[in-house]
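2 protein chains.
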Amino acid sequence: MTKIKTQLSNWQGVPFTNVIIEDVFWRPRLEVLKKVTLPACLTKCEETGRITNFAKAGGLIEGTFEGIYFNDSDVYKVIEGIAYSLMSEPDPELEAQADRIIDLIASAQESDGYLSTYYTLEAPESKWTDMEKHEMYNGGHLIEAAVAYFEATGKRKLLDVACKLADHYDDLFGPGKRHWVEGHEEIELALVKLYRVTREQRYWKLSLWLLEERGHGHGFGEIWDTKEWGPAYCQDDVPVRDTRRVTGHAVRAMYLYTAMADVVHVSGDPDFVDALHRVWSHTVERNMYVTGGIGPSRHNEGFTHDYDLPNESAYCETCAAIAMVFWNHRMNLLFGDAKYADVVEREMYNGALAGISLTGDKFFYVNPLASKGDHHRVPWFDTSCCPTNLARFLPSIGQYSYAQTGQGIAVNQYMNGEAEIVMESGLGVKLKQTTQYPWNGKIELAVEADKSDFFSIYLRIPGWCRGYKVKVRGKSLLGVEALTERGYIAIHRAWSQNDTIELELDMPVEIIQARPEVLENQGRIAIQRGPIVYCLEQLDNSRLSYDAYSFSAHETLLVDHQPELLGGVTVLKGKDGEGRPCQFIPYYAWDNRESGYMQVWIRKAEDKGLYSF
Amino acid sequence: MTKIKTQLSNWQGVPFTNVIIEDVFWRPRLEVLKKVTLPACLTKCEETGRITNFAKAGGLIEGTFEGIYFNDSDVYKVIEGIAYSLMSEPDPELEAQADRIIDLIASAQESDGYLSTYYTLEAPESKWTDMEKHEMYNGGHLIEAAVAYFEATGKRKLLDVACKLADHYDDLFGPGKRHWVEGHEEIELALVKLYRVTREQRYWKLSLWLLEERGHGHGFGEIWDTKEWGPAYCQDDVPVRDTRRVTGHAVRAMYLYTAMADVVHVSGDPDFVDALHRVWSHTVERNMYVTGGIGPSRHNEGFTHDYDLPNESAYCETCAAIAMVFWNHRMNLLFGDAKYADVVEREMYNGALAGISLTGDKFFYVNPLASKGDHHRVPWFDTSCCPTNLARFLPSIGQYSYAQTGQGIAVNQYMNGEAEIVMESGLGVKLKQTTQYPWNGKIELAVEADKSDFFSIYLRIPGWCRGYKVKVRGKSLLGVEALTERGYIAIHRAWSQNDTIELELDMPVEIIQARPEVLENQGRIAIQRGPIVYCLEQLDNSRLSYDAYSFSAHETLLVDHQPELLGGVTVLKGKDGEGRPCQFIPYYAWDNRESGYMQVWIRKAEDKGLYSF
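Residue numbers (this note's numbering), protein chains in the order written: chain A, 49 to 661; chain B, 49 to 661.
What follows is the structure in structure tokens.
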């Protein structure tokens with residue numbers, strides 16, 4: 049195995065609490081999230097017995113377990129979402145609801161720390177007998193919620209529950225103790241979060257141990273015992289440090305790599321680094337859709353074979369797109385490379401965002417790239433991981449905007465608003481972005497430092513952007529600092545207290561042709577403008593039936609921003625290969641009007657009159 | 049042979065005298081043309097005996113013919129250039145010089161109208177014995193100069209000479225008279241010009257007859273008799289109405305098709321229409337360089353086989369690029385299709401413009417797309433068609449900006465300035481363009497009509513542009529009128545006396561990959577931004593040797609306008625495939641500084657980290 053020598057950047061994230069988003073794109077979505085999505089998810093958790101399960105397990109009320117064994121996790125994820133929402137804006141009512149639920153959760157914890165209401169209520173004697181029953185998966189989400197709620201409110205109750213649970217795991221499992229391969233990864237990344245807030249080394253070490261358990265035949269339970277799935281489904285086929293290929297269930301895989309990146313941030317293990325590079329390449333270079341979607345197969349909710357990217361039957365679970373953000377955000381911090389932030393962006397504006405309706409109360413679990421009109425968002429699912437993942441992903445989206453690089457700031461995502469970042473030196477810097485991104489590629493950055501000082505600002509030039517202009521204090525940058533390094537322009541200088549950067553990213557309409565290996569898309573094109581992937585939706589193109597439109601790679605498109613349409617979208621209008629008018633809307637916005645077909649990859653019209661060169 | 053049904057648009061050109069160019073790109077070039085190029089060409093014509101030949105032939109002075117048999121044409125082309133210059137701005141001194149030369153020309157005309165100083169002085173008994181000796185080619189340029197000078201000054205002297213010459217041709221040649229296939233086309237398009245100014249039908253009919261003479265075995269003379277060339281060299285291998293393929297000498301071919309388009313404008317002959325469509329496709333789809341250059345071979349100054357587009361040895365005569373403008377301008381008027389104006393633009397900003405130095409006094413005859421550093425512009429050539437073609441092409445460049453479509457105006461080329469156009473209805477319209485084109489894709493058009501009236505404005509959306517925005521009176525166009533038809537947005541409406549159109553053309557950096565058929569460019573990329581094709585020049589990239597740079601199709605480039613460099617150019621800066629800084633400048637501007645290598649097609653760097661789709 050060749051070692052890839054990579055210097056770790058070990059950038060630090062900038063919490064979303066330091067980032068104020070005031071724009072036309074995300075701000076309304078954050079409002080809807082708080083006003084509609086979180087209450088809707090709470091109501092659903094209540095209605096479906098998810099919350100009551102805790103009261104039952106705690107003996108507060110009578111009754112049997114309701115639902116599926118991983119349902120606890122949804123409640124935790126909603127609490128995590130509430131915590132993020134509270135961090136941005138206090139809401140005593142919402143907080144009171146969370147407190148009430150946390151009391152129920154705490155009541156359900158057994159005296160030794162164990163917490164998973166399914167086993168407590170249904171089969172207490174069968175704990176830890178089936179690695180597929182999401183005991184630690186539930187626990188991981190509890191920990192994430194606990195850390196978030198502690199950071200939001202300073203209240204320790206849920207954090208204490210989480211620590212007690214983690215300590216319970218640590219008692220049972222580890223070197224010289226019992227083996228354990230958790231079927232659905234999640235606990236591993238959660239334990240690193242718990243380590244970060246408690247500074248207890250044992251938590252990240254337990255995470256590392258759990259990671260290292262995989263691939264050595266320690267797994268058992270219903271999944272491992274079936275021929276159909278096998279250990280690759282749970283990423284248990286090879287030791288994690290030998291990982292070369294992305295396999296199995298997509299969300300599990302992403303949570304695993306997220307945890308590996310987290311652990312590398314602490315351990316710096318070069319084997320892990322190499323494995324992460326390999327599996328990242330394998331994921332994005334061979335197994336990612338243009339929307340950022342991953343995991344084409346409904347069968348295993350996951351990966352099949354390389355370049356297998358069917359459109360109509362694309363599974364592309366919303367959670368997997370969100371998990372790609374988690375992983376790629378970590379990779380960006382770890383390696384200081386913009387290509388990971390490119391993927392974060394692709395998911396933010398496409399694969400993940402498509403999962404939620406504009407109204408905030410309907411969700412996609414599955415995100416195909418083509419539909420004949422029979423696929424629609426719904427308010428809830430029996431397995432409702434996707435709505436609750438959106439409920440915690442969206443309110444924390446500001447965290448992907450910036451990174452603190454030590455003696456500098458990396459601007460990863462462009463959105464109108466401002467951020468406060470503190471350098472390692474202690475210098476505070478306020479950055480103010482004025483932009484209409486993602487609809488326009490112009491970004492003005494006001495740099496306000498506590499005092500005039502030397503530091504670096506790294507501006508991400510997105511992978512979709514071929515040409516850019518950049519001025520500092522009204523003057524063009526001309527030297528090497530104007531050229532990208534790992535996808536960033538690095539502006540090193542002594543900044544005065546009030547400086548400006550003007551960045552202009554070319555944001556043309558881009559016609560994308562698939563690699564020849566992607567058989568499904570041969571003879572097809574897709575359209576992207578800036579970070580936004582477009583689709584045809586029937587309502588705008590009702591004259592023709594599904595897949596009747598063709599489009600020439602040399603056709604021109606009118607770029608028209610329609611503030612009243614679909615929450616404000618830039619549509620693209622042109623003529624198809626037969627000269628018929630057609631209109632493209634952002635993919636994320638589909639299925640928000642009357643139902644009909646949708647297509648991302650359009651048949652490519654025969655090119656006429658191409659030049660010879 | 050399949051007939052292509054094409055409706056003729058028969059748009060009318062808008063003379064450059066109605067177009068004021070006030071921009072940073074063309075205006076300085078027009079100044080240099082007048083101050084430097086025209087005087088330099090006059091001086092060279094004088095020094096090389098080109099002007100004296102007329103005085104000798106007229107018996108005003110003693111002496112033998114000096115130079116090459118087609119040298120008369122250079123003097124005519126300079127007078128044509130002077131005429132255009134006078135139309136834009138009176139210059140009594142320049143006019144006096146022209147008058148003096150015209151007197152010499154008139155003196156050289158024989159009593160029967162014959163005029164070609166080579167034969168008069170050297171071999172009067174051998175007139176019309178060799179179709180390759182450019183007798184009518186010279187005559188054609190005389191006619192073009194005469195028409196221009198008449199239109200510029202109202203003076204008929206040269207026009208009378210021209211008519212007498214044309215009548216002489218008409219006496220000798222035509223149905224029932226002698227056959228003639230002029231080796232180098234030019235007379236045919238000139239005769240249509242003469243028809244347009246005199247309204248004498250016989251001139252365009254003689255042009256048609258001359259066109260129809262080709263391809264029937266009537267040609268003879270040194271070219272036809274050699275095995276090496278054969279009739280295809282002179283486009284005499286097939287009757288013009290059967291033309292399917294571009295062949296032979298590039299300038300000759302272009303002048304032929306220009307004349308065919310001129311004649312169709314009068315005759316509407318569907319066979320000619322079909323032939324023009326076929327040969328246009330064959331030219332631009334299989335035999336045109338990215339710079340617009342045509343005619344790859346030095347050997348025949350012309351075409352070889354399809355997709356034979358070598359870079360270092362590219363011949364790409366400047367005259368051929370200029371002639372492509374002539375032809376494509378006519379095609380645009382004839383068919384009302386922007387794709388022809390696209391080619392005009394490609395030549396204007398690349399293939400043709402490269403022919404002249406920024407100082408206006410040095411010229412390329414040959415325009416390779418790669419040079420190891422040994423190819424430079426010079427002040428003059430023995431065969432100096434290119435400098436004198438530039439001398440008449442540049443001062444009339446405003447004529448390519450607009451067309452009058454009958455009840456509308458087509459905006460073909462964008463340049464800061466204004467134009468006055470009169471509709472068929474008699475309505476006068478002033479259009480004012482405010483733009484930094486070609487460096488920026490934003491164009492503001494002020495529309496000032498004599499009175500509020502209904503008419504159409506057609507805005508060309510260049511072929512290189514995938515996305516555009518357009519507003520009329522500050523409002524987005526949303527209907528079908530906002531979509532392109534034959535490459536134009538057609539805005540039909542009642543215009544008030546003061547209206548505005550805002551057009552924004554996406555002008556991204558475009559990475560061009562050649563068709564697989566172009567073997568020379570396999571594994572290479574070229575860079576274009578807006579209409580400008582870029583190149584690497586050694587001075588900016590001196591660290592490495594010729595062809596040592598590679599470039600990734602996914603690399604980003606800084607777009608930087610440098611007003612002080614090369615007359616003001618937008619340069620593109622980035623890193624090559626090995627991470628070394630590199631800079632691209634517009635191709636037209638190469639070889640204006642210290643000598644060194646140049647390349648348009650750069651080796652393509654291996655793509656790293658491509659996405660799977």
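C-beta atoms are modelled at their ideal positions from N, C-alpha and C, and glycine is treated no differently.
Check: So is S593 (chain B) buried or exposed if we call it buried at 16+ other beta carbons inside 10 Å?
Finding: On the second sequence, residue 593 (chain B) is found 545 positions in, with the first residue counted as 1. So S593 (chain B) counts as exposed.
Please compile the residues from chain A whose C-beta is within a distance smaller than 7 Å of the C-beta of P556 (chain B).
The residue given as residue 556 (chain B) occupies position 508 in the second sequence. Within 7 Å Cβ-Cβ: R514, G515, D554 and P556.
Beta-carbon proximity list for L658 (chain A), same chain, < 8 Å, skipping 5 on both sides: The residue given as residue 658 (chain A) occupies position 610 in the first sequence. H602.
> Going by DSSP, which residues form a beta bridge with M336 (chain B)?
Replying inline: Translated into positions along the second sequence, residue 336 (chain B) becomes position 288. B:I342.
Positions along the region 622 to 633 of chain A whose CB lies within less than 7 Å of some CB in chain B: G622, K623 and P629
* To do: Determine the DSSP secondary structure at V245 (chain B), reduced to helix, strand or coil.
  => Indexing the second sequence from 1 puts residue 245 (chain B) at position 197. Three-state DSSP puts V245 (chain B) in a helix.
Tell me the DSSP secondary structure of K523 (chain A) in three-state form.
For the purposes of this step, residue 523 (chain A) is taken as the residue at position 475 of the first sequence. DSSP places K523 (chain A) in strand when its eight states are reduced to three.
Grouping DSSP H, G and I as helix and E and B as strand, with all else coil, what is C583 (chain B)?
-> As a position in the second sequence, residue 583 (chain B) is number 535, starting the count at 1. Correct three-state label for C583 (chain B): strand.
Practice item. At 7 Å on the CB atoms, spell out the chain B contacts of S707 (chain A), in chain order. Key: In this structure chain A extends from 49 to 661, so residue 707 (chain A) is not present and cannot be described.
Which of helix, strand or coil does DSSP assign to Q145 (chain A)?
-> Taking the first sequence and counting its residues from 1, the one referred to as residue 145 (chain A) is at position 97. The answer is helix: DSSP assigns Q145 (chain A) an H, G or I state.
| Sorted by chain position, which residues of the same chain lie with C-beta nearer than 7 Å to C583 (chain B)'s C-beta, five sequence neighbours on each side aside? | Looking up residue 583 (chain B) in the second sequence gives position 535. The residues are F632, I633, Y635, W638, M646, Q647 and V648.
> From Y305 (chain B) to L324 (chain B), what does the alpha carbon distance come to, in whole angstroms?
Replying inline: Here residue 305 (chain B) corresponds to residue number 257 of the second sequence, with the count starting at 1. Here residue 324 (chain B) corresponds to residue number 276 of the second sequence, with the count starting at 1. Rounded to the nearest angstrom, the two C-alpha atoms are 7 Å apart.
- Helix or strand or just coil, what does DSSP make of F429 (chain A)? As a working mapping, residue 429 (chain A) is identified with position 381 in the first sequence. Coil at F429 (chain A), not helix or strand.
With DSSP collapsed to three states, give me the class of R577 (chain B). Locating residue 577 (chain B) in the second sequence gives position 529, where the first residue counts as 1. Correct three-state label for R577 (chain B): strand.
Query raised in the report: Where do the ends of the beta strand (DSSP E) carrying H609 (chain B) lie?
Result: The sequence position of residue 609 (chain B) within the second sequence is 561, counting from 1. Unbroken beta strand (DSSP E) run through H609 (chain B): L605 to Q610.
### Message
Could you compute how far the alpha carbon of G267 (chain B) sits from the alpha carbon of L169 (chain B)?
### Response
Stepping through the second sequence from its first residue, residue 267 (chain B) is reached at position 219. Stepping through the second sequence from its first residue, residue 169 (chain B) is reached at position 121. Answer to the nearest angstrom: the Cα atoms are 25 Å apart.
How far does the beta strand (DSSP E) with C630 (chain A) in it extend, from its first residue to its last? Here residue 630 (chain A) refers to the residue found at position 582 when the first sequence is read from its first residue. Unbroken beta strand (DSSP E) run through C630 (chain A): P629 to P634.
Point to revise | Interfacial residues, the region 177 to 207 of chain B to chain A, with Cβ spacing under 9 Å | key: none
(message) Using the three-state DSSP reduction, which class does G511 (chain B) fall into: helix, strand or coil?
(response) Position 463 of the second sequence, counted from the first residue, corresponds to residue 511 (chain B). Reduced to three states, the DSSP call for G511 (chain B) is coil.
DSSP-derived helix/strand/coil call for Q501 (chain A) = If you number the first sequence from 1, residue 501 (chain A) lands on position 453. Inspection of the sequence shows that residue 501 (chain A) is occupied by Asp rather than by Gln. Residue state, collapsed to three classes: strand.
Exercise. In whole angstroms, what is the alpha-carbon distance linking E79 (chain A) and Y197 (chain A)?
Worked result: Residue mapping note: residue 79 (chain A) aligns to position 31 of the first sequence, counting from 1. Residue mapping note: residue 197 (chain A) aligns to position 149 of the first sequence, counting from 1. Near 20 Å, if we compare the C-alpha coordinates of Y197 (chain A) and E79 (chain A).
Exercise for the section: For R563 (chain B), go through chain A and note every residue whose CB falls closer than 9 Å to its CB, in chain order. Expected result: Within the second sequence, the letter at position 515 stands for residue 563 (chain B). By Cβ distance, chain A contributes L658, Y659, S660 and F661.
Check your understanding: A298 (chain B): which of B:A309, B:T91, B:A210 and B:G343 sits nearest, CA to CA?
Key -> The residue you call residue 298 (chain B) lines up with position 250 of the second sequence. For the residues B:A309, B:T91, B:A210 and B:G343, the minimum Cα distance to A298 (chain B) belongs to B:G343.
message = Residues in the same chain with beta-carbon distance under 8 Å from G408 (chain B), minus the five sequence neighbours each way, listed in chain order, please.
response = Translated into positions along the second sequence, residue 408 (chain B) becomes position 360. R77, V80, L81, K83, V84, T85 and A88, listed in sequence order.
Whose Cβ in chain A lies nearer than 7 Å to the Cβ of V528 (chain B)?
-> Start at 1 with the first residue of the second sequence, and residue 528 (chain B) comes out as number 480. Near V528 (chain B) (Cβ distances below 7 Å), the residues of chain A are P629.
Are any of the Cβ atoms in chain B nearer than 8 Å to that of H424 (chain A)? Position 376 of the first sequence, counted from the first residue, corresponds to residue 424 (chain A). It does not; no Cβ of chain B falls within 8 Å.
| field | Residues near E95 (chain A) in its chain [Cβ-Cβ closer than 6 Å; skip 5 each side] | value | Translated into the one-based positions of the first sequence, residue 95 (chain A) becomes position 47. Cβ-Cβ distances below 6 Å link E95 (chain A) to nothing in the same chain once the five nearest sequence neighbours on each side are left out.
Open item on the list: With a threshold of 8 Å between beta carbons, is N335 (chain A) in contact with chain B?
Closed with: Numbered from 1 along the first sequence, position 287 holds the residue referred to as residue 335 (chain A). The beta carbon of N335 (chain A) sits closer than 8 Å to some beta carbon of chain B.
Residues of its chain near M184 (chain A), where Cβ-Cβ distance is below 6 Å and the 5 sequence neighbours each way are ignored: Residue numbering aside, residue 184 (chain A) sits at position 136 when the first sequence is read from its first letter. Closer than 6 Å at Cβ, skipping near neighbours: E230 and I235.
For this session: Identify the contact partners of N569 (chain A) in chain B, using a Cβ-Cβ distance below 8 Å as the criterion.
Result: As a working mapping, residue 569 (chain A) is identified with position 521 in the first sequence. F661, listed in chain order.
Taking Cβ-Cβ distances shorter than 9 Å, what residues in chain B pair up with G511 (chain A)? Your numbering for residue 511 (chain A) matches position 463 in the first sequence. In chain order: H602, T604, G657 and Y659.
* To do: Quickly, what does DSSP pair F599 (chain B) with across the bridge? List them, please.
  => Taking the second sequence and counting its residues from 1, the one referred to as residue 599 (chain B) is at position 551. The beta-bridge partner set that DSSP reports for F599 (chain B) consists of B:K652.
* Beta-ladder partner(s) of G350 (chain B), from DSSP -> By one-based count along the second sequence, residue 350 (chain B) stands at place 302. For G350 (chain B), which the question treats as bridged, DSSP gives the partners B:H297 and B:S345.
message = Just list the residues that DSSP pairs I537 (chain A) with in beta bridges.
response = Indexing the first sequence from 1 puts residue 537 (chain A) at position 489. The partner list for I537 (chain A) (beta bridge, DSSP) reads A:L507 and A:T532.
Step through the CB atoms of chain A and report whether any lies within less than 8 Å of the CB of T532 (chain B). As a first step, residue 532 (chain B) must be located in the second sequence, where it is residue number 484. Yes, its Cβ sits closer than 8 Å to a Cβ of chain A.
For the region 83 to 122 of chain B, list the beta strand (DSSP E) runs that are entirely contained and at least 3 residues long, ordered along the chain. none
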